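In the numbering used here, the protein residues as written are 386 to 594. Even for Gly, the Cβ is constructed at its ideal location relative to N, Cα and C. In this text, all values refer to a predicted model and were calculated from it rather than measured experimentally. I have placed the structure first, in the form of structure tokens, so that the comments after it can refer back to it.
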Amino acid sequence: MVEEASDALSPGTHLRRELGLPAVTLSGVGIILGAGIYALLGEAAGMAGNAVWLTFAIAAAIAAFSALSYAELSSMYPRASAEFEYVSHAFGRKLAFVVGWLIILSGILGAATVSLGFAGYFSDLVGLPLLLSAILIILILAGILFSGIKETARVAIILTLIEVGGIVMVILIGLPHLGEVNYLEMPQGIPGLLRASALVFFAYMGFEE
């Protein structure tokens, strides 16, 4: 019944499955780590202080509700187009059209944020201007995207493994210093903690994949 309704909404639309669960999971993890750990952590730490770890726990708990909703909806409507598909079933195609464009805009904002975060590191490393570095990484990644979904997934998996390796390295360096600071110290109090949690929630973008 659900499949029939879905076919009625998008007749003749068929996309070939190219990626499996491991590839999609790793690419999603890479998106989360790229935005959260490497681009936004310093900003969040400035608001939450030593309690920045708590912001990730709060954001993760909130994201879990969305994740469970995605899990339920994707099992009910197992077709490509995700949010567009869900909204079109609930509210019609006009609102789904708007939501589809909002998803595209959120992707643009996410790419801009992460590219600027990367550019900050890259500029310090090679001395290029910040904006030029951000544009350069976007053009390089766009070229990879145009080459194909499988090629993009392979690059995403490699970058994810590098990101995870960097985090593991930082953890290993920090382990000997565990317990040396007050992990509940918040220079801006609870308001700062909540603002940082909202920022960190943005870093969880990618989990919906």
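What does the alpha-carbon distance come out to for the pair residue i and residue j?
i      : j      : result
LEU425 : ALA588 : 7 Å
GLN573 : MET432 : 6 Å
ALA449 : ILE575 : 22 Å
VAL566 : GLY577 : 19 Å
SER532 : ILE542 : 16 Å
LEU569 : TYR423 : 22 Å
LEU480 : VAL472 : 7 Å
ALA436 : THR498 : 23 Å
LEU404 : THR537 : 11 Å
SER454 : ILE447 : 12 Å
ILE482 : VAL555 : Sequence check: residue 482 is Phe here, not Ile. One C-alpha to the other measures close to 43 Å.
VAL484 : ARG402 : 23 Å
VAL387 : LEU490 : With a pLDDT of 43 at VAL387, under the threshold of 50, the predicted position of this residue should be treated as unreliable, and no value is reported.
ARG539 : SER466 : 22 Å
ALA527 : PHE586 : 25 Å
TRP486 : ALA475 : 17 Å
GLY550 : VAL511 : 22 Å
THR340 : ALA456 : Nothing about residue 340 can be read from this structure; the chain reaches only from 386 to 594.
LEU517 : LEU557 : 34 Å
Leaving out five residues before and five after residue i in sequence, what residues of the same chain have Cβ atoms less than 6 Å from its Cβ?
i      : result
LEU501 : ALA519
GLU470 : TYR462, ARG464
Using 8 Å for Cβ pairs, my map puts residue i next to residue j. What's the rounded Cβ distance?
i      : j      : result
LEU584 : ALA429 : 5 Å
ILE522 : ALA504 : 7 Å
LEU418 : ILE529 : Incorrect: roughly 18 Å between the Cβ atoms, too far for contact.
GLU468 : ILE493 : The pair is not a contact, with the Cβ atoms about 15 Å apart (cut-off 8 Å).
Please tell me whether, using a cut-off of 7 Å, the distance from the CB of residue i to the nearest non-hydrogen atom of the ligand NAD is below it.
i      : result
PRO561 : With respect to the ligand NAD, the structure shown offers nothing to examine, as it has no ligands at all.
For residue i, I'd like the list of residues in its chain whose CB is within less than 7 Å of its CB, leaving aside the five on either flank, ordered along the chain.
i      : result
ALA581 : ALA429, MET432, ALA433, VAL437, THR440
MET571 : ALA433, GLY434, ALA436, GLY577, LEU578
LEU513 : PHE507
Near residue i, which residues of its chain fall below 8 Å by C-beta distance, leaving aside the five closest residues on each side in sequence?
i      : result
TYR506 : TYR423
GLY515 : In the sequence as presented, Gly is not what sits at residue 515; that position holds Leu. Taken in chain order, the residues that qualify are LEU501, ALA504, GLY505, SER508.
GLU548 : GLY415, LEU418, GLY419, ILE422, TYR423
LYS535 : GLU403, LEU404
GLY427 : none
Q) Would you call the region 402 to 415 and the region 560 to 574 in contact, with 3 or more CB pairs under 8 Å? A) no
(Q) Three or more C-beta pairs under 8 Å: does that hold for the region 458 to 466 against the region 437 to 444? (A) no
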